[in-house]
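> Just so you know, we're using this note's numbering here: the sequence shown kicks off at 66 and counts up by one.
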Amino acid sequence: MERRYASHPREVKQFDTARLREEFHIPKLFIPNHLELVLTHEDRLIIGGAFPIAEEIKLDMDLKELGVSYFLERREIGIINVGGKGIVVVEGKEHALDHKECLFVGMGNKEVFFKSVDSEKPAKFYLNSAPAHQTYPTQKATLADAESADLGAIENSNDRTIYRFIHQNGIQSSQLVMGMTLLKTGNMWNTMPAHVHPRRMEAYMYFDLPDDSVVIHLMGEPSETRHIVMRNEQAVISPSWSIHSGVGTSNYTFIWGMAGDNKIYSDMDPVDMKDLK
66 MERRYASHPR
76 EVKQFDTARL
86 REEFHIPKLF
96 IPNHLELVLT
106 HEDRLIIGGA
116 FPIAEEIKLD
126 MDLKELGVSY
136 FLERREIGII
146 NVGGKGIVVV
156 EGKEHALDHK
166 ECLFVGMGNK
176 EVFFKSVDSE
186 KPAKFYLNSA
196 PAHQTYPTQK
206 ATLADAESAD
216 LGAIENSNDR
226 TIYRFIHQNG
236 IQSSQLVMGM
246 TLLKTGNMWN
256 TMPAHVHPRR
266 MEAYMYFDLP
276 DDSVVIHLMG
286 EPSETRHIVM
296 RNEQAVISPS
306 WSIHSGVGTS
316 NYTFIWGMAG
326 DNKIYSDMDP
336 VDMKDLK
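1. For Gln199, is the classification buried or exposed, using 16 other Cβ atoms within 10 angstroms of its Cβ as the cut-off for buried?
2. What is the C-beta distance between Asp334 and Val261, in whole angstroms, given that I count them as a contact (C-beta under 8 Å)?
3. Which term fits Arg265, buried or exposed, when burial requires 16 or more other beta carbons within 10 angstroms of its beta carbon?
4. For Ile122, which option in Arg69, Gly171 and Ser181 has the closest C-alpha, if you only look at C-alpha atoms?
5. In chain order, which alpha helix (DSSP H) runs of at least 4 residues are fully inside the region 242-291?
6. Could you tell me which of Glu220, Thr82 and Lys93 sits nearest to Lys249, measuring between CA atoms?
7. Under DSSP, the beta strand (DSSP E) around Arg140 begins and ends at which residues?
8. When you compare each of Lys175, Glu76, Met270 and Asn255 to Val133 by their alpha carbons, which one comes out closest?
9. Using DSSP bridges, identify the partner residues of Ile91.
10. Distance check for Phe95 and Met172, CA to CA, integer angstroms please.
11. Applying the criterion that 16 or more other CB atoms from any shown protein chain within 10 Å of the CB defines a buried residue, is Asp108 buried or exposed?
12. In chain order, what residues of the same chain have a beta carbon less than 8 Å from the beta carbon of Pro74, not counting five sequence neighbours either side?
As structure tokens, then:
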């Protein structure tokens, strides 16, 4: 598992492109028959991907990093499938996950495995895991189950639908909040006007992006913005002091996950457009 340290905004504004990407950009999540994990010291969130093709993959790692005897001993995890039909096995019980479906697995589950239904159309499981203080039951949610909202307008190139899976009024967790935003055809902007989450960090994973397209992800303090070029199925870490917005060369989908002081989706401090620099 790769480790990323927290960064001070005074330092980040001096980073060049290579250093910015080294600290915040996660370029490769889905490696065949492999579990890829990145631990950020921003609220100790773990961001990862499991890509089972010919064999199942166990949720496991060098546990010395976490100081536990099994992965979910003091953690919970949210899983969203961005590939073909898959199955998550939790303590021997199978949970089928189709494309863009979510599964939450609570603290205390000792064995979790990922597998694909069809190796020709393998599942791709995107993962967010946060420290937990209480056990909540394993629960699945489809797009139809999620709390959804249509926001934006084609006039502003940000007509989109937000799906909230794990949050205060949905699947219950200790602190993890997780969902998905789908931009409609002809729309490119997300989360603009921008905001920050002083009480929570966030991670984005962009997908449904054509191979020849990119998303320009904006981050940094409102008065010191920076950008990272993102491609399909790549993730980015957003500290609590940073904006997190983006514009693409086409429409796209992204998964957002948050960890911190609360589970209130609307807990954010808006940034006035005139204050962006």
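Beta carbons: idealized from backbone N, C-alpha and C, even for Gly. The structure displayed is predicted, hence computed values, not measured ones.
On the basis of the coordinates in this document:
1. Gln199 should be labelled exposed.
2. The pair is a contact, with the Cβ atoms about 5 Å apart (cut-off 8 Å).
3. That one is buried.
4. Cα-wise, what sits closest to Ile122 is Ser181.
5. Runs of alpha helix (DSSP H) with 4 or more residues, each lying fully within the region 242-291, are absent.
6. Relative to the Cα of Lys249, the nearest Cα in the group Glu220, Thr82 and Lys93 belongs to Glu220.
7. Arg140 to Asn146 is the extent of the beta strand (DSSP E) around Arg140.
8. Among Lys175, Glu76, Met270 and Asn255, the Cα nearest to that of Val133 is on Lys175.
9. Residue pairing by DSSP puts Ile91 in a beta bridge opposite Ala300.
10. When rounded, the separation of the alpha-carbon atoms in Met172 and Phe95 is 24 Å.
11. Classification of Asp108: buried, given that the 10 Å Cβ count is 16 or more.
12. Excluding its 5 nearest sequence neighbours in each direction, Pro74 has C-beta neighbours in its own chain below 8 Å: Gly285, Glu286, Glu289, Pro304, Trp306 and Ser307, listed in chain order.
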